[in-house]
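Right, one structure below, let's go through it.
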Amino acid sequence: MKSAMLLCLLLSATPTPTSMSPATEKPVVLATPVTSVTSTSGRLRIEVLADAVPLRRGPQRLRIRVTEVATGKPIPSMVLALQPWMPTMGHGLDSPARITLQGTSDFEVSELDLFMPGAWELRLTLSGSVEDKAVVRLQLAR
88 MKSAMLLCLL
98 LSATPTPTSM
108 SPATEKPVVL
118 ATPVTSVTST
128 SGRLRIEVLA
138 DAVPLRRGPQ
148 RLRIRVTEVA
158 TGKPIPSMVL
168 ALQPWMPTMG
178 HGLDSPARIT
188 LQGTSDFEVS
198 ELDLFMPGAW
208 ELRLTLSGSV
218 EDKAVVRLQL
228 AR
C-alpha cells in the first residue's frame with residue numbers, strides 16, 4: 088500500500104511531456120546582419136537581421152530595426168507595413184506577414200513565405216511619428 092502511494096506521489100510530481108520545452112522550441116536569436124538601407128527621405132536607417140545567412144527560400148523570420156540616421160536612436164511610435172515583391176517575376180505576395188513590435192522601433196517579421204529563390208524586395212512603409220518609405224533588397228538561396 089505504501090509503495091503504491093509513493094509511486095502515485097512520484098508520478099504526480101513528474102512534469103508531463105507537454106510542460107517540457109523541446110529543444111526545437113528555443114527562441115531564435117535574430118542577430119545576424121542581412122542588410123542595411125537608408126529610407127527614401129534619408130532620415131531613417133533600416134537594418135535587417137536574421138538567425139543565419141544566407142537566407143534560403145521558404146518561411147522567413149526577420150528583425151527589422153529602424154533608427155534615426157543622424158543620432159542612431161530608435162524612433163518612438165513607429166508603425167511598419169511590408170509588401171514582399173519579386174521584381175524579376177513582377178509580382179508580390181497576397182498573404183500578409185505577421186509584424187510584431189519588439190521594442191521602440193524593432194519589429195519581428197514572421198510568417199513571411201518567400202517561396203522562390205532569387206531576388207526579393209521588402210517594400211516598407213513607415214508611419215506614426217515619422218512618415219517614410221524604404222526598399223530592402225534580399226537575395227534568397229535554394
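If you want our numbering, it's the 1-based position in the sequence shown plus 87.
Using N, Cα and C, we set each Cβ at its ideal position, and we do this for glycine too.
Spatial neighbours of residue i within its chain, please: CB distance less than 8 angstroms, with the 5 preceding and 5 following residues excluded, ordered by chain position.
{"i": "R143", "result": "P204, L227, A228 and R229"}
{"i": "G129", "result": "V156"}
{"i": "T237", "result": "Residue 237 lies beyond the range of the chain shown here (88 to 229); nothing can be said about it."}
{"i": "S123", "result": "R132, I133, E134 and V135"}
{"i": "Q189", "result": "R150 and E195"}
{"i": "S164", "result": "G215 and S216"}
{"i": "G145", "result": "D200, L201 and F202"}
Determine, for residue i, whether the minimum Cβ-Cβ distance to residues of chain E falls below 9 angstroms.
{"i": "P174", "result": "You won't find chain E in this structure, because it holds only one protein chain."}
Starting from residue i, follow the beta strand (DSSP E) in both directions and report where the run begins and ends.
{"i": "F247", "result": "Lying before the first or after the last residue shown, residue 247 is absent from the chain, which here runs from 88 to 229."}
{"i": "L131", "result": "L131 to A137"}
{"i": "E218", "result": "Neither: E218 is in no beta strand (DSSP E) and is coded neither H nor E."}
{"i": "I151", "result": "G145 to E155"}
{"i": "Q189", "result": "Unbroken run through Q189: none, as it is neither H nor E."}
{"i": "S123", "result": "T119 to T125"}
{"i": "M176", "result": "From DSSP, M176 is part of no beta strand (DSSP E); its letter is neither H nor E."}
Around the Cβ of residue i, are there at least 16 other Cβ atoms within 10 angstroms (buried) or fewer (exposed)?
{"i": "M176", "result": "exposed"}
{"i": "P171", "result": "buried"}
{"i": "L140", "result": "The sequence given here places Val at residue 140; Leu does not occur at that position. Under this definition V140 is an exposed residue."}
{"i": "A168", "result": "exposed"}
Contact check, residue i vs residue j under 8 angstroms by CB: the rounded distance?
{"i": "L201", "j": "Q147", "result": "6 angstroms"}
{"i": "T187", "j": "E198", "result": "No, T187 and E198 are not in contact; Cβ-Cβ is about 10 angstroms, not under 8 angstroms."}
{"i": "V121", "j": "L225", "result": "7 angstroms"}
Does the distance from the CB of residue i to the CB of residue j come in under 9 angstroms?
{"i": "L149", "j": "L117", "result": "yes"}
{"i": "M173", "j": "E208", "result": "yes"}
{"i": "T119", "j": "A137", "result": "yes"}
Here's a check: name, in chain order, each residue in its chain whose Cβ is nearer than 6 angstroms to the Cβ of residue i, leaving out the five neighbours to either side.
{"i": "T111", "result": "In this prediction, T111 has a pLDDT of 48, which is less than 50 and means its spatial position is unreliable; what the coordinates show is noted afterwards. The answer is none, since no qualifying residue turns up."}
{"i": "R152", "result": "E134 and D193"}
{"i": "P109", "result": "Below a pLDDT of 50, predicted positions are generally treated as unreliable, and P109, at 41, falls in that range; no measurement from the model is reported."}
{"i": "A191", "result": "Per the sequence presented here, residue 191 reads as Thr, with Ala not at that position. These residues qualify, in order along the chain: P161 and P163."}
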